[in-house]
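So the mapping is simple: my numbering equals the position in the sequence shown, first residue as 1, plus 15. The beta-carbon is built from N, C-alpha and C at its ideal position, and this holds for glycine as well. Every value quoted in this text rests on a predicted model; they were computed, and no experiment measured them.
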Amino acid sequence: MSAKGIPQIAVVLGSCTAGGAYVPAMADESIIVKNQGTVFLGGPPLVKAATGEVVLAEDLGGADLHCRRSGVTDHYAQNDEHALAIARNIVSTLNIKKSVSLDVTDPMEPLYSSDDFGGIVGGNLRKTFDVRQVIARLVDGSKFQEFKKLYGTTLVTGFMVGSDAEANGIAKNGAKLVTAVSCAQVPKFTVIIGGSFGAGNYGMCGRAYSPRMLYMWPNSRISVMGGEQAAGVLAQVKMDNFERIGKVWETSESDKFKDAIIKKYEHEGHPYFSSARLWDDGIINPKDTRKVLGLSLSAALNSPIEADQFGIFRM
Numbered sequence: 016m017s018a019k020g021i022p023q024i025a026v027v028l029g030s031c032t033a034g035g036a037y038v039p040a041m042a043d044e045s046i047i048v049k050n051q052g053t054v055f056l057g058g059p060p061l062v063k064a065a066t067g068e069v070v071l072a073e074d075l076g077g078a079d080l081h082c083r084r085s086g087v088t089d090h091y092a093q094n095d096e097h098a099l100a101i102a103r104n105i106v107s108t109l110n111i112k113k114s115v116s117l118d119v120t121d122p123m124e125p126l127y128s129s130d131d132f133g134g135i136v137g138g139n140l141r142k143t144f145d146v147r148q149v150i151a152r153l154v155d156g157s158k159f160q161e162f163k164k165l166y167g168t169t170l171v172t173g174f175m176v177g178s179d180a181e182a183n184g185i186a187k188n189g190a191k192l193v194t195a196v197s198c199a200q201v202p203k204f205t206v207i208i209g210g211s212f213g214a215g216n217y218g219m220c221g222r223a224y225s226p227r228m229l230y231m232w233p234n235s236r237i238s239v240m241g242g243e244q245a246a247g248v249l250a251q252v253k254m255d256n257f258e259r260i261g262k263v264w265e266t267s268e269s270d271k272f273k274d275a276i277i278k279k280y281e282h283e284g285h286p287y288f289s290s291a292r293l294w295d296d297g298i299i300n301p302k303d304t305r306k307v308l309g310l311s312l313s314a315a316l317n318s319p320i321e322a323d324q325f326g327i328f329r330m
């Protein structure tokens, strides 16, 4: 069914055991009811017989486990009614291909004002913010159906670095996102609202991945690496070279060296520098983002949407 493009939505209201566990695992999206739905290849009796482990069904394959840890299920429902409501919402948003032109619904204004963008995002790229607050001020009726809300909390913010991230396969997992973004043929639009650096630029559909339009907010920055990070890396390389030949690199010289690099990155990573070289399609006022995206979506309907052809997604 999946290969034929038929959407499959699984609602786990009871126990999915053995082969039945593959049904929600293979569905496009799966919903599970807390303290009621379970998904496991072998239930508690089989686990005890095979390994001697004593475990409750909820701990072995309940909603909390699969929504928070394993990621097998995507939506956490409080009860049967809530689960069916989630299923209806998913079906209402399925992008089913039709032989006729798209049905365009009447727009609904967001519930929150776009005047708040300045306070939410701000100009400090090191300050974190909840991107859901941005989305709530862009989309119709502030409606946002978040996929795997309790699993993979870094999905919407970019890529983590460090030994733990590398050991957990960030390069492999990031490659999946890059593959999906580069191969998807639906109209893609990118709005850079903060820092767009390195691999994050690739994964979030930077210019090299052919978005139909790419816009920048005035506070945004774009470069191969953040200025402070680049300065720190280059300074460390230079310091290692000094130590190798038995010289001492004074702190004042190091600070001067790093300041020059930071200033260079700040200048060349500025949105005005980018737009002047046609690396994007314009700097927009954050308050106009919804209107600009609406016009862009309308323009995208003037050309056909090609079929998707995806490569290998490494597991």
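Open item on the list: Would you call the stretch 251-264 in contact with the stretch 227-243, where contact means no fewer than 3 C-beta pairs closer than 8 Å?
Closed with: no
Open item on the list: Does Glu161 pass the burial test, meaning 16 or more other C-beta atoms within 10 Å, or should it be called exposed?
Closed with: exposed
Task: Assumed close pair Ile47, Ala92 - CB separation to whole angstroms, cut-off 8 Å - done: 7 Å
Task: Same chain, Cβ closer than 8 Å to Asp296, neighbours up to 5 away in sequence not counted - done: Met228, Leu229, Tyr230
Task: CA-to-CA distance, His97 to Asn50, given in whole angstroms - done: C-alpha separation (whole angstroms): 13 Å.
Open item on the list: Here's the rule: buried if 16 or more other CB atoms are within 10 angstroms of the residue's CB, otherwise exposed. What is Val26?
Closed with: buried
Open item on the list: I'd like to confirm the pairing. Which residues does DSSP put opposite Leu229 in its beta bridges?
Closed with: Thr205
Task: Reduced DSSP category for Val45 - H, G, I as helix; E, B as strand; rest coil - done: Strictly speaking, residue 45 in this sequence is Ser, with Val absent from that position. Correct three-state label for Ser45: strand.
TODO: Evaluate Arg84 with the Cβ neighbour count: other Cβ atoms within 10 Å of its Cβ, from every protein chain shown; 16 or more gives buried, anything less gives exposed.
DONE: If you draw a 10 Å sphere on the C-beta of Arg84, you find fewer than 16 other C-beta atoms in it, and that means exposed.
Task: Rounded C-alpha distance that separates Met16 from Leu192 - done: 24 Å
Open item on the list: Do Leu80 and Leu308 count as a contact pair if the criterion is CB distance below 9 Å?
Closed with: Cβ distance not < 9 Å, so Leu308 and Leu80 don't count as in contact.
Task: Contact the stretch 272-280 vs the stretch 215-224: 3+ CB pairs below 8 Å - done: no
Open item on the list: Quick check on the DSSP output: the alpha helix (DSSP H) that includes Asn146 runs from which residue to which?
Closed with: Strictly speaking, residue 146 in this sequence is Val, with Asn absent from that position. From DSSP, the alpha helix (DSSP H) with Val146 extends over 146-150.
Open item on the list: Looking at the strands, I want to know which residues DSSP matches up with Val27.
Closed with: Ile47
Open item on the list: Suppose the cutoff is 6 Å on Cβ atoms and the five residues either side in sequence are ignored; what does the same chain contact list for Ser211 look like?
Closed with: Ile237
Task: Whole-Å CB distance - Glu44 paired with Asp95, under 8 Å assumed - done: Contact flag wrong, Cβ pair sits at about 17 Å.
Open item on the list: Taking the alpha-carbon of Ser318 as reference, which of Arg147, Val201, Ile327 has the nearest alpha-carbon?
Closed with: Val201
TODO: Give the DSSP-derived three-state secondary structure of Pro22 in the structure shown.
DONE: coil
Open item on the list: On a Cα-Cα basis, can you pick out the residue from Leu312, Ile299, Glu243 that is closest to Val119?
Closed with: Leu312
TODO: Out of Thr205, Pro22, Ala36, state which residue places its alpha-carbon closest to the alpha-carbon of Leu28.
DONE: When each option's Cα is compared against that of Leu28, the closest is Ala36.
Task: Residue environment, Gln324, which counts as buried when at least 16 other CB atoms sit within 10 Å - done: exposed
TODO: Name, in chain order, the residues that DSSP records as bridge partners for Thr194.
DONE: Answer is none; Thr194 lacks a bridge partner.
Open item on the list: Per the DSSP calculation, Ile237 is bridged to which residue(s)?
Closed with: Ser211
TODO: Tell me whether the beta-carbon of Phe159 lies closer than 9 Å to the beta-carbon of Ala151.
DONE: yes
Task: Beta-carbon proximity list for Asp131, same chain, < 7 Å, skipping 5 on both sides - done: Arg152
TODO: Drop a sphere of 10 angstroms on the beta-carbon of Ala64, count the other beta-carbons inside from all chains shown, and report buried for 16 or more, exposed for fewer.
DONE: exposed
Task: Distance, Asn104 Cα to Lys302 Cα - done: 28 Å
TODO: Look up Ile277 in the DSSP assignment and say whether it is helix, strand or coil.
DONE: helix
Open item on the list: Report the CB separation of Gly284 from Gly242 in whole angstroms; it is logged as a contact under 8 Å.
Closed with: About 7 Å separates the two Cβ atoms, so the contact holds.
Open item on the list: Using the three-state DSSP reduction, which class does Ala92 fall into: helix, strand or coil?
Closed with: strand
Open item on the list: Just to confirm before moving on: does the CB-CB distance between Pro226 and Thr194 stay below 9 Å?
Closed with: Their beta carbons are not under 9 Å apart, which means Pro226 does not touch Thr194 by this criterion.
TODO: Pick out whichever of Tyr166, Leu316, Gly156 has its Cα sitting closest to the Cα of Pro122.
DONE: Residue Gly156 is the option with its Cα nearest to Pro122.
- [ ] Indicate whether Leu71 and Pro59 have their beta-carbon atoms separated by less than 9 Å.
- [x] yes
Task: For Ala180 and Val252, the rounded distance between their alpha carbons - done: 23 Å
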